[in-house]
Amino acid sequence: MNLPKYDIHEDEFLKAIATRLGLSGKTWDVFLARFQDKNSNATNKDIAFYLEAELLEGTSDGSNPAIILRDHLIAICDKFEAQGCDYQGSTKGKWKIAKRYLREELYPEWVKQRRIIPLTCEQLWRELWGQAKPTNKMQPILLNDKLQPVSLNPKLPLGLEMGEAEIDATAPISIPLKSKIRLDINLEQAGYLLLLEKGTSGKLWCLCPSGFAPEWRHSGGRITLPLASSRHRYFKLTGSTGWEEIVAVITRNLPELDWLLEPGEPLLQLQEGHLTGLLDYLKDDRDSQLWRMAYQVTV
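If you use this note's numbering, the sequence shown corresponds to residues 59 to 357, in order.
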């Protein structure tokens, strides 16, 4: 992975790690000074001299700033060891090993979490998919030529009735290519439904809101897409065989996303920016529900 320049993000990164480790006060000051790249060649005595005023604050006369720094540095290295840093039995220069651990292990992890390196659509989708929970409250309905429901499994009710105890959310569903289907969703709460699909081609689409679902604020309970208010009566499985993946995001409040479609607009093909914005929004929206389901498109 090609990482962005460390020196550009060093200050933000070190403060983020200090916060993660629960550092404060003098320990915070020692950590930031000792682990800055510009101080790599400085001795602990040099760092103690630089931080003398901070280290001696609140101490009695005669206190040695170098000893105070040493004690805080030991505490910092112990925290790194608890995080997984392996000192391999070393007792001296442990801060240097911890510094390598910072750069080689924690910095790449932090970069990925901060999305400083732009992620691909596939990577962003996998992140969204991983946050969603498998559900039996969202299922496809296979239609015959007369647009009547056809059971996908003789043991299950026509149209895969939502909420039936015998439905296994993990059981694979297979639907032939070129079939006509609808999607049944049984909402547990009132809110806004955002329905996203990854097709067999790998392209990502927003099914709701769209021309298939002009309304996306629902009072809860069972809904079927395309909605009755849509000019579309079904989805048709075109393209190639493979897996279709669907993620539903149900929010209590109107999502603050600037890419949402107006009623009647054609399907929006999702790009990196759309998914990044959604994932960022979901970080702060603890009330959202995320569901997922997949079915196989066969010959």
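Cβ atoms here follow ideal geometry from the backbone N, Cα and C, with glycine treated the same way. The structure presented is a predicted model; accordingly, all values stated were derived computationally and were not measured.
In the DSSP assignment, LEU186 falls outside any beta strand (DSSP E) and lies within the alpha helix (DSSP H) extending over 179-189. Among the bridge pairs identified by DSSP, TYR353 is matched with GLU302.
Between MET351 and ILE304 a beta carbon distance of about 5 Å is seen, short of the 8 Å cut, so the two are scored as contacting.
Beta-bridge analysis with DSSP links PHE293 to ILE239. Under the three-state reduction of DSSP output, LEU81 falls in the coil class, being neither helix nor strand.
A residue is called buried once 16 or more other Cβ atoms fall within 10 Å of its Cβ, and GLN197 is buried on that count.
If you draw a 10 Å sphere on the C-beta of LYS137, you find 16 or more other C-beta atoms in it, and that means buried.
For LEU265, the CB contacts under 6 Å within the same chain, skipping 5 residues up- and downstream, are LEU253 and GLU255 in chain order. With the rule of 3 Cβ pairs closer than 8 Å, the stretch 120-127 does not count as touching the stretch 148-167. Per DSSP, GLU320 is not a residue of any alpha helix (DSSP H), being assigned neither H nor E. ILE233: member of the beta strand (DSSP E) spanning 232-234, first to last residue.
Residue pairing by DSSP places ILE199 opposite ARG240 in a beta bridge. Here DSSP, grouped into helix, strand and coil, assigns ALA286 to coil.
Pairing CYS179 with SER259, the inter-Cα distance amounts to about 13 Å.
Under the three-pair Cβ rule at 8 Å, the stretch 202-210 does not count as touching the stretch 326-334.
Apart from sequence neighbours up to five positions away, the residues of its chain that approach LEU182 with a beta-carbon distance below 7 Å are GLU330, LEU333, THR334 and LEU337, ordered along the chain.
Straight through space, the alpha carbons of ALA76 and PHE89 are spaced by roughly 7 Å.
Taking C-beta atoms as the reference points, GLN247 and GLY279 fail to come closer than 7 Å. Beta bridge pairing from DSSP links PRO166 with no other residue.
With respect to the C-alpha of ASP203, the residue from LEU186, GLU185, SER237 and ARG173 having the closest C-alpha is SER237. A direct Cα-Cα distance of roughly 41 Å separates ILE134 from LEU315.
Relative to TRP153, the option among ASN97, LYS170, LEU200 and PHE71 whose CA is nearest is ASN97. The Cβ atoms of ALA271 and LEU285 lie closer than 7 Å to each other.
CA-CA distance, LEU312 to GLU110, rounds to 53 Å.
DSSP lists ARG275 and THR309 as the bridge partner or partners of TYR250. The Cβ neighbour count for GLU302, taken over all protein chains shown within 10 Å, is at least 16; the residue is labelled buried. Excluding its 5 nearest sequence neighbours in each direction, LEU205 has C-beta neighbours in its own chain below 8 Å: LYS238, ARG291 and TYR292, listed in chain order.
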